[in-house]
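Here the structure is laid out as structure tokens; the discussion comes afterwards.
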Amino acid sequence: MKSLRLVAYATLVAGWVACSAQSENSVLLTGNVPDYQGKGEFILARRGQSDTIPLQADGSFSYEVKNLQKAEEGSLVLNYLKNKKSVHCYLIPGGKLDVKITGADGEITIGDATVPDYKLTAVFTGTGKKESDYLNTPPFYNYVFKNADGTPVTFENYMNQIAEQKQRMHKALEGTCEAFAKEKTAELDLMMNDMEFIYYRRLKNDGNDASKDAGFMAFVNSIDLNDPKVSPYLLIEVIDFRLEQSPDLYKGMDYGIRFFCYLRDNIANKEWAGQVADKRMTQMLSNSDVSGLAKTFELYRTISGKSEEFKENEAIYNSLAKLLPGVKATDFEMQDKEGKIVHFLDVVGKGKVTYIDFWATWCGPCCLEIPFVEKKVEKYKDNPNIEFVSISLDRDKKEWLDKLEKDNSSWQQYIIPDNFESEFAKEYNITFIPRFMLFDKEGKIISIDAPRPSDDEAFEALIAPYVK
Numbered sequence: 076m077k078s079l080r081l082v083a084y085a086t087l088v089a090g091w092v093a094c095s096a097q098s099e100n101s102v103l104l105t106g107n108v109p110d111y112q113g114k115g116e117f118i119l120a121r122r123g124q125s126d127t128i129p130l131q132a133d134g135s136f137s138y139e140v141k142n143l144q145k146a147e148e149g150s151l152v153l154n155y156l157k158n159k160k161s162v163h164c165y166l167i168p169g170g171k172l173d174v175k176i177t178g179a180d181g182e183i184t185i186g187d188a189t190v191p192d193y194k195l196t197a198v199f200t201g202t203g204k205k206e207s208d209y210l211n212t213p214p215f216y217n218y219v220f221k222n223a224d225g226t227p228v229t230f231e232n233y234m235n236q237i238a239e240q241k242q243r244m245h246k247a248l249e250g251t252c253e254a255f256a257k258e259k260t261a262e263l264d265l266m267m268n269d270m271e272f273i274y275y276r277r278l279k280n281d282g283n284d285a286s287k288d289a290g291f292m293a294f295v296n297s298i299d300l301n302d303p304k305v306s307p308y309l310l311i312e313v314i315d316f317r318l319e320q321s322p323d324l325y326k327g328m329d330y331g332i333r334f335f336c337y338l339r340d341n342i343a344n345k346e347w348a349g350q351v352a353d354k355r356m357t358q359m360l361s362n363s364d365v366s367g368l369a370k371t372f373e374l375y376r377t378i379s380g381k382s383e384e385f386k387e388n389e390a391i392y393n394s395l396a397k398l399l400p401g402v403k404a405t406d407f408e409m410q411d412k413e414g415k416i417v418h419f420l421d422v423v424g425k426g427k428v429t430y431i432d433f434w435a436t437w438c439g440p441c442c443l444e445i446p447f448v449e450k451k452v453e454k455y456k457d458n459p460n461i462e463f464v465s466i467s468l469d470r471d472k473k474e475w476l477d478k479l480e481k482d483n484s485s486w487q488q489y490i491i492p493d494n495f496e497s498e499f500a501k502e503y504n505i506t507f508i509p510r511f512m513l514f515d516k517e518g519k520i521i522s523i524d525a526p527r528p529s530d531d532e533a534f535e536a537l538i539a540p541y542v543k
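Each residue of the sequence shown is one higher than the one before, starting from 76 at the first, in this note's numbering.
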């Protein structure tokens, strides 16, 4: 076990009694890792801060988390070789939380690459125990879609599973503070809005037709599009389903336009239609790719009630429109391993297409992609038409350098110390990682949301025209 990292996310507001702000604004975080061997440390990162918490020889640690103005969720992420697992905790100002972490070695396989796995178990005591226990309750999405004979379960059977799991999650909330319970109950209710169509999508992926299930169709047909008490997200799912079942409806139009036409023609309450339209456009803009969206956005503009969400969507759309394929890359400064300033335009547009990997050492999914990047680098090492570049968003340069030394990466490596606050991250709407981009030989955008290297088929299809 090389190191552990604690990533704290400021997601919950202060509540009543135990969750309210106390006179002290720190938490004493202590614990023990019985299986710990060798040297290692925790890295505490929260709200842009980064602190090192050393582990003692016996695997114990103690650290005072300071300047907590309100309760926060956190994740203890284990950096074990190339894979990471998380144990979640809840930090309440003025409290003391202790955690004992145990684990067992194993492996997971992604594509044709096998990476080490580490299954963690955590036992909490102290302030925030109940909340931390809840955060580590098995995922809500553990349910069965197939019977023992391989046939799909009925919609009724599936919904019974969901009801049982929701009841289990509510029971796990017993004894937690009111603010936490309220927040998580709202999350459960929101998740339930989409559960019915998870059944549909899963059966479809397995080659089965959910529309043949009487229970599912009865549910779909019971939804009144004009009822504002229905979740707008559920209405979006219903409209998607109805359009899929009626391919000749608005035939010949792009899918986004088909959706907004259906919305416009089937919801009489214009204010309600505008609210649903806002939610749908927010979803459409979330993938950072607005190519081909101009006509759809203009139709959306005629349906939306010009709400605050519309204004936000319009601002995002206008920003992303600057990042369409064919637009010249924006320049910015980054650093190489020696600390030398390097300009982005000195890297892209040099007669080769450039595949960019934006990542960080603390990002588990990012690290899982590294072996796949390495395989692509090896595959195309003699191809003069493509270059691979990795750009880190780490705040801790030492962590980044240690990771590079450990992986012995052979391709170009740079770091943007300002992390997600950098001008480039804002300009390119980098709100999550890993994120991959492709630029052409002249430094113009091909895609700012390119396929991951682990998605071999999509990756090869994208670069094929440029590497001949």
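The beta-carbon is built from N, C-alpha and C at its ideal position, and this holds for glycine as well.
Remember, predicted model here, so these are calculated numbers, not experimental data.
Whole-Å CB distance - Tyr209 paired with Ala247, under 8 angstroms assumed: 5 angstroms
Completely contained beta strand (DSSP E) runs for the region 419 to 463, where each covers 3 or more residues: 428 to 434
Asp173 - partner residues in DSSP beta bridges: Thr105 and Thr200
Which listed residue (Gly290, Glu258, Ser207 and Asp133) has its alpha carbon closest to that of Glu271: Gly290
Element boundaries [beta strand (DSSP E), containing Leu143]: Run containing Leu143: none; DSSP gives neither H nor E here.
Asn494 beta carbon less than 7 angstroms from that of Arg470: yes
Cβ-heavy atom distance, Asn458 to the ligand ZN, below 6 angstroms: What this structure holds is no ligand at all, so the ligand ZN is not there to describe.
Buried/exposed call for Val452, threshold 16 Cβ in 10 Å: buried
Alpha-carbon to alpha-carbon, Lys425 and Asp173: 53 angstroms
For Leu513, three-class secondary structure by DSSP: strand
Proximal residues to Pro400 (C-beta, below 8 angstroms), its chain only, five neighbours per side dropped: Ser366, Lys519, Ile520, Ile521 and Ser522
Beta carbon of Phe255 nearer than 7 angstroms to that of Glu319: no
One or two residues paired with Glu408 in a DSSP bridge: His418
Tyr193 (DSSP reduced to helix, strand or coil): Summary for Tyr193: the model assigns pLDDT 48, below 50, so the residue's position carries little reliability, and this model does not support an answer.
Separation of Asp315 from Met266, as counted between CA atoms: 18 angstroms
Sequence-distant residues of the same chain with beta carbon closer than 7 angstroms to Cys441, five excluded per side: Trp434, Ala435, Ile508 and Pro509
Nearest-angstrom Cα separation, counted from Leu443 out to Val464: 16 angstroms
Close Cβ partners of Thr251 (< 7 angstroms) along its chain, the five nearest in sequence each way excluded: Lys205, Glu206 and Tyr209
Cβ contact (3+ pairs, closer than 8 angstroms) linking the region 334 to 345 and the region 296 to 305: yes
CA-to-CA distance, Leu513 to Leu360, given in whole angstroms: 19 angstroms
CB of Pro168 within 7 angstroms of CB of Leu143, strictly: yes
Separation of Asp515 from Phe534, as counted between CA atoms: 15 angstroms
Residue(s) in a DSSP beta bridge with Ser465: Asp432 and Gln488
Cutoff 7 angstroms; reference Met292; Cβ partners in own chain excluding five residues on either side: Ser286
Per-residue burial, Lys259 [other beta carbons within 10 Å of its own, 16 or more giving buried]: buried
Stretch-stretch touch, CB-based, cutoff 8 angstroms, three pairs: the region 496 to 504 with the region 398 to 417: yes
Rounded separation between Lys31 and Leu374 - CA only: Because the chain spans 76 through 543 in this model, residue 31 falls outside it and cannot be assessed.
Ile378 - DSSP class collapsed to helix/strand/coil: helix
Same chain only: Cβ atoms within 8 angstroms of Ser382, ignoring 5 sequence neighbours per side: Gly349, Gln350 and Asp353
Residues bridged to Ile35 (per DSSP): An answer regarding residue 35 cannot be provided, because it is not within the stretch 76 to 543 covered by the chain.
Backbone secondary structure at Phe507 - three-state DSSP: coil
Residue burial classification, Thr478 (beta-carbon count within 10 angstroms, cutoff 16): The question names Thr, but residue 478 is Lys in the sequence shown. Lys478 should be labelled buried.
As assigned by DSSP and simplified to three states, the class of Lys205: helix
Status (buried if at least 16 other CB within 10 Å, exposed otherwise) for Gly282: exposed
Sub-7 angstroms separation of Phe230 and Arg277 beta-carbons: no
Contacts around Gly331, its chain only, beta-carbon distance under 6 angstroms, and the 5 residues preceding and following it disregarded: Thr371
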